[in-house]
Each structure stands twice: as structure tokens, then as C-alpha cells.
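J.: Let me begin by handing over the structure; questions about it come next.
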Amino acid sequence: KYIIDFATLTGGIVVALGNVRAGLFSSDETLANKLETAGESSGEKLWRMPLDEEYFEFIKGDYGDLKNSGGRKGHPIFGGIFLKQFIQNTPWAHIDIAGVATNDKASPFGSKGANGFGVRLVLDFLENL
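Read left to right, the sequence shown gives residues 98 to 226 (the working numbering).
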């Protein structure tokens, strides 16, 4: 019914959001809203990033159909736009966890180091379908 992927896709998301929220890219408003709600409820917060068609112009390829980067400005968005090209009609969300996948120090949600960001989020999402 849904495709939800998690990856440390771009370092640019760290510049945009730091280590407080993961970047959320989605082709579906309902799915995005459910994930944002689950993020707030689980403490694994998300921030919706744009996927406007104008961004696609930056990743059109000179030698092939696509290139995987559109430059420095808007860098995390180009990663989301690139992934979107491979999704057809299935509601899709990409969660860029580059800034939140590890803790610099212990927190209420985990010890220092890798923290499993997204597990609580997905469980909350699934419990509320």
C-alpha cells in the first residue's frame, strides 16, 4: 500500500535541519500527514521538504535521462526528486536520516552513537493505520 524508505541520502539535510528532525519527502499528502503525526507522537520528528516539479529541471541529464545531483543549492531536495522518478503510482515517502541517525551524546531516546531512528516512528505509524 505504501513505500517508505529511510536513508542517509544527503549531507545537505544536515545543513538544512541539523540533528533535531529528519527530512520527509513524499508524493502523497495523506501518507506525509500520517508520518508527521507519528513523528510527533514517537519523538522522531520530521520536517516536510518540497518536491516541486521546478526542482526536476536541475537533475535532467546532459548525457542520460537523469543525473544524481543538481548542484549545491537545494541539494537535499535534488536527492528526493531523484528518488521520486523511480516511484510510479504507489504512495511514497523518503525519510532522510543523515542528521538524526546518530546521537553525539546520550538522550532520552538512546545512548551515544547509532540510535535506530525511524523504528519508533514506523511502529507508531503502523499502529495507527
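Each residue gets a CB set at the ideal place from its N, CA and C atoms; glycine is no exception.
Every value quoted in this text rests on a predicted model; they were computed, and no experiment measured them.
#1: Would you grab the beta carbon distance between ILE194 and PHE179 for me? Rounded to a whole angstrom, and I think it's under 8 Å.
#2: Quick check on THR199: does DSSP put it in helix, strand or coil?
#3: Between which two residues does the beta strand (DSSP E) harbouring ARG145 extend?
#4: Contact defined as beta carbons within less than 8 Å: I believe TRP144 pairs with GLY120. What is the distance between those atoms, to the nearest angstrom?
#5: When burial is assigned at 16 or more other CB atoms within 10 Å of the CB, is LYS202 buried or exposed?
#6: If I follow the unbroken alpha helix (DSSP H) through ILE174, where does it start and stop?
#7: How about ILE110 and ALA190: are their beta carbons less than 8 Å apart?
#8: Do ASN200 and GLY213 have their C-beta atoms closer together than 8 Å?
#9: Could you give the residue range of the beta strand (DSSP E) that holds LEU121?
#10: Give the C-beta separation of LEU132 and PHE222 to the nearest angstrom, bearing in mind that I take them to be a contact with Cβ-Cβ under 8 Å.
#11: According to DSSP, is ILE100 helix, strand or coil?
T.: The short version:
#1: Not confirmed; about 17 Å, so no contact.
#2: strand
#3: 143–145
#4: 6 Å
#5: exposed
#6: 172–181
#7: no
#8: no
#9: 119–123
#10: 6 Å
#11: strand
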